[in-house]
Amino acid sequence: MNFQQDLKNGSLIGMAMSLVARTTNAAGSSVDLQGGELQHSAVLVAGAVTDGTHTVKLQESTDGTNNWADIEGASFSGFTSGAAQRVVQTINFKRGTRFVRATATVASATSGGVYGVLLIAQKKTTGGDPQLT
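All letters in the sequence shown, in the order written, are residues 1 to 133 by the working numbering.
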């Protein structure tokens with residue numbers, strides 16, 4: 001059985017950005033993906049977006065605290081009010097380091113928008129991560 005058939009036991013799922021209202025730039029929580037394969041998926045879930053322009057991307061770090069860098073190709077399509085009402089976007093990405101987070105850049109928002117990001121990775125079926133030792 002593969003991880004898609006058994007999401008609960010075959011996957012690592014982490015909250016890279018909590019589902020809350022945003023009116024300013026924000027950095028999500030650091031998610032430790034060492035127990036997962038290097039190829040991952042991310043899911044952005046947006047509820048009501050009343051104003052502003054919102055752009056969300058993923059970043060990675062070797063220690064989960066400092067030196068965050070953008071992950072190439074790991075950006076969601078930007079969205080504005082009206083366009084992002086109850087929208088789900090997914091992207092696939094490959095990480096190069098152990099820790100990943102989501103960041104949001106928000107412009108011209110007064111009441112903003114509600115959205116969050118989940119990371120999904122297939123659990124490793126063998127020992128440690130050779131690229132992260």
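Just so it is clear, CB atoms sit at the ideal spot from N, CA and C, and this is done for glycine as well.
None of the values given here were measured: they were computed from a predicted structure.
Taking residue 102 and residue 58 to be in contact with their CB atoms under 8 angstroms, please state how far apart those CB atoms are, rounded to whole angstroms.
Residue 102 to residue 58, Cβ: 6 angstroms. Contact.
I'd like to check one pair, residue 32 with residue 95: are the Cβ atoms closer than 8 angstroms?
No, they are not a contact pair.
Quick one, which of 43, 47, 69 has its alpha-carbon nearest residue 111's?
That would be 47, whose Cα lies nearest to the Cα of residue 111.
Less than 8 angstroms between the beta carbons of residue 80 and residue 53, yes or no?
In this structure, residue 53 lies closer than 8 angstroms to residue 80 by Cβ.
Measure the Cβ-Cβ separation of residue 10 and residue 124 and say whether it is below 8 angstroms.
Contact flag unset, no.
Residue 44: buried (16+ other C-beta within 10 angstroms of its C-beta) or exposed?
Around the beta carbon of residue 44, 16 or more other beta carbons sit within 10 angstroms, so the residue counts as buried.
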